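Undergrad: Numbering (my numbering), first residue to last: 24 to 356.
Positions of the beta carbon are idealized from the N, C-alpha and C atoms, including for glycine.
This one's a predicted model, so the numbers in the text were calculated from it and none came from an experiment.
Sharing a structure, written as structure tokens. Questions coming.
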């Protein structure tokens with residue numbers, strides 16, 4: 024299954040309906056004093072919609088991605104107008120200033136950090152929006168600097184399949200570091216990936232947990248596929264999931280069941296299904312699988328898409344972010 028223009032138009036309209044929707048909003052705001060009670064759009068004049076900061080950031084990423092992939096998208100003019108209205112030098116200064124206080128240096132670490140860097144990467148040399156890579160550059164450099172400071176201190180990875188997952192953010196951050204030739208950030212990201220995951224073997228894939236939207240197992244493998252060369256990754260993957268040719272661990276091939284989509288945490292599991300598809304496709308591209316294994320993965324991907332693609336729209340708990348993960352599944356990062 025691939026992303027076509029009709030689906031892209033539908034996803035674009037979904038995102039345009041929420042990236043500038045201020046409420047409901049879930050702030051990750053560290054209150055500094057009794058006067059420090061700003062509205063989201065005051066602290067975050069660009070990324071104040073989509074229920075939370077990180078979802079708004081990757082909503083913008085998805086919109087930029089869609090008009091790059093489909094130049095005749097019906098929503099193209101509306102997307103360009105959105106960027107021109109909100110992504111301004113003044114608004115970027117306000118967004119950047121939020122990270123300046125030491126008590127807020129971990130705001131949106133690491134998930135939102137990775138997505139902001141990925142957004143700027145997507146805007147680089149963009150056919151319609153490249154000017155906004157320059158506008159957002161100070162915010163991206165601030166987050167890159169925070170990451171360069173943080174990675175030497177991060178002795179241990181976080182493996183849960185939620186916003187704290189270390190592998191997901193590093194996967195996106197490497198794209199930024201290589202595009203903008205941030206050699207120090209790239210070196211640190213690769214070093215940490217090898218330190219954290221290089222010796223992992225016989226993963227039992229204890230997933231899903233009840234609110235995960237990332238496959239902790241496959242996300243780790245996706246990062247290592249990005250870090251290692253083909254031969255080294257083939258060897259690492261064989262040790263990491265030694266029984267994968269037998270369809271084991273079976274949980275990786277079984278779509279997560281979503282009991283309700285009105286609970287924001289449980290609705291995360293639709294994202295898990297979609298993220299597994301993205302991960303499997305990146306892993307397959309890095310391996311040299313035989314036809315039987317490739318067919319096994321493709322059947323699993325179809326089952327995961329069938330389980331969650333029909334539920335992108337319906338309740339705002341999923342609607343404010345799931346289309347992004349559908350684009351990852353259908354198109355890639």
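1. Return the residue from the list 148, 138, 233, 150 that minimises the CA-CA distance to residue 190.
2. In the DSSP assignment, find the unbroken alpha helix (DSSP H) run with residue 358 in it and report its ends.
3. Looking at the unbroken alpha helix (DSSP H) that takes in residue 206, where does it start and where does it end?
4. Figure out for me which residue from 204, 124, 42 has the closest Cα to the Cα of residue 56.
5. Would you kindly check if the distance between the Cβ of residue 334 and the Cβ of residue 262 is under 8 Å?
6. Could you check how far apart the C-beta atoms of residue 327 and residue 78 are, in whole angstroms? I think they sit under 8 Å.
7. Classify residue 134: buried if its beta carbon has 16 or more other beta carbons within 10 angstroms, exposed otherwise.
8. Using three-state DSSP, classify residue 277 as helix, strand or coil.
9. Excluding the five sequence neighbours on either side, which residues of its own chain have a C-beta within less than 6 Å of the C-beta of residue 330, listed in chain order?
10. Taking the C-alpha atoms as reference points, what is the distance between residue 230 and residue 302?
11. State buried or exposed for residue 324, treating a residue as buried only when at least 16 other CB atoms are found within 10 Å of its CB.
12. Who are the Cβ neighbours of residue 128 in its own chain at under 7 Å, not counting the five residues just before and after it?
13. Is the beta carbon of residue 156 closer than 8 Å to that of residue 93?
14. On the criterion of 16 or more Cβ atoms from any shown chain inside 10 Å, does residue 313 qualify as buried, or is it exposed?
15. Do residue 361 and residue 45 have their CB atoms nearer than 8 Å?
16. So, does the region 244–257 touch the region 287–296, judging by three or more C-beta pairs under 8 Å?
17. Whole angstroms are fine: how far does the CA of residue 321 sit from the CA of residue 76?
18. So, helix, strand or coil for residue 358, using DSSP?
19. Drop a sphere of 10 angstroms on the beta-carbon of residue 53, count the other beta-carbons inside from all chains shown, and report buried for 16 or more, exposed for fewer.
20. Near residue 177, what residues of its chain come up, given a Cβ to Cβ distance below 7 Å and the 5 sequence neighbours on each side ignored?
21. Pick out whichever of 98, 282, 268, 186 has its Cα sitting closest to the Cα of residue 310.
22. Could you check the C-alpha separation between residue 186 and residue 348 for me, to the nearest Å?
23. Kindly indicate the opening and closing residues of the alpha helix (DSSP H) around residue 304.
24. Excluding the five sequence neighbours on either side, which residues of its own chain have a C-beta within less than 6 Å of the C-beta of residue 99, listed in chain order?
25. By DSSP, does residue 227 sit in helix, in strand, or in coil?
26. What residue does the alpha helix (DSSP H) around residue 133 start on, and which one ends it?
27. Does the beta-carbon of residue 24 have 16 or more other beta-carbons within 10 angstroms, so that it is buried, or is it exposed?
28. Am I right that residue 42 and residue 96 are in contact with their C-beta atoms under 8 Å? What's the rounded C-beta distance?
TA: Taking the coordinates as given:
1. Translated into the one-based positions of the chain shown, residue 190 becomes position 167. Of 148, 138, 233, 150, the residue nearest in Cα terms is 138.
2. The structure shown has nothing for residue 358, since the chain only spans 24 to 356.
3. Taking the first residue of the chain shown as position 1, residue 206 is located at position 183. Residues 206–220.
4. Here residue 56 refers to the residue found at position 33 of the chain shown. Nearest option by C-alpha distance: 124.
5. Position 239 of the chain shown, counted from the start, is the residue given in the question as residue 262. Position 311 of the chain shown, counted from the start, is the residue given in the question as residue 334. No.
6. The residue you call residue 327 lines up with position 304 of the chain shown. The residue you call residue 78 lines up with position 55 of the chain shown. Not a contact, Cβ separation roughly 21 Å.
7. Here residue 134 is taken as the residue at index 111 of the chain shown, counted from 1. With 16 or more other Cβ atoms within 10 Å, it is buried.
8. The residue labelled residue 277 in the question sits at position 254 within the chain shown. Correct three-state label for residue 277: coil.
9. For this step, residue 330 is matched to residue 307 along the chain shown. Within the same chain, residue 330 has close Cβ partners 278, 296.
10. Looking up residue 230 in the chain shown gives position 207. Looking up residue 302 in the chain shown gives position 279. Each residue's Cα considered, the two are about 15 Å apart.
11. Mapped onto the chain shown, residue 324 falls at position 301. Under this definition residue 324 is a buried residue.
12. Here residue 128 corresponds to residue number 105 of the chain shown, with the count starting at 1. The answer, listed in chain order, is 122, 169.
13. Translated into positions along the chain shown, residue 93 becomes position 70. Translated into positions along the chain shown, residue 156 becomes position 133. For residue 93 and residue 156, no; Cβs fall outside 8 Å.
14. The count along the chain shown starts at 1 and reaches residue 313 at position 290. Label assigned to residue 313: exposed.
15. For residue 361 there is no data in the structure shown, the boundaries of the chain being 24 and 356.
16. Judged by pairs of C-beta atoms under 8 Å, the region 244–257 does not touch the region 287–296, as fewer than three such pairs exist.
17. Against the chain shown, residue 76 aligns to sequence position 53. Against the chain shown, residue 321 aligns to sequence position 298. The alpha-carbon atoms of residue 76 and residue 321 are separated by roughly 33 Å.
18. The question about residue 358 has no answer, for the chain in this structure spans 24 to 356.
19. Taking the chain shown and counting its residues from 1, the one referred to as residue 53 is at position 30. Exposed, since its Cβ has fewer than 16 Cβ neighbours within 10 Å.
20. Here the question's residue 177 lines up with position 154 in the chain shown. For residue 177, where only same-chain residues beyond five positions count, the Cβ hits under 7 Å are 215.
21. As a working mapping, residue 310 is identified with position 287 in the chain shown. Of the candidates 98, 282, 268, 186, the one whose C-alpha sits nearest the C-alpha of residue 310 is 268.
22. For the purposes of this step, residue 186 is taken as residue 163 along the chain shown, with counting starting at 1. For the purposes of this step, residue 348 is taken as residue 325 along the chain shown, with counting starting at 1. Going from the Cα of residue 186 to the Cα of residue 348 covers about 14 Å.
23. The sequence position of residue 304 within the chain shown is 281, counting from 1. Counting along the chain, the alpha helix (DSSP H) containing residue 304 begins and ends at 291–309.
24. By one-based count along the chain shown, residue 99 stands at place 76. Counting only residues of its own chain and dropping the five nearest sequence neighbours on each side, residue 99 has a CB closer than 6 Å to the CB of 90.
25. Here residue 227 refers to the residue found at position 204 when the chain shown is read from its first residue. Note: residue 227 maps to coil in three-state DSSP.
26. Within the chain shown, residue 133 is the residue found at index 110, counting from 1. From DSSP, residue 133 is part of no alpha helix (DSSP H); its letter is neither H nor E.
27. What you label residue 24 is simply residue 1 of the chain shown in a count that begins at 1. The residue in question, residue 24, is exposed, as its Cβ has fewer than 16 Cβ neighbours within 10 Å.
28. In the chain shown, the residue the question calls residue 42 occupies position 19. In the chain shown, the residue the question calls residue 96 occupies position 73. Not really, about 16 Å apart at Cβ, beyond 8 Å.
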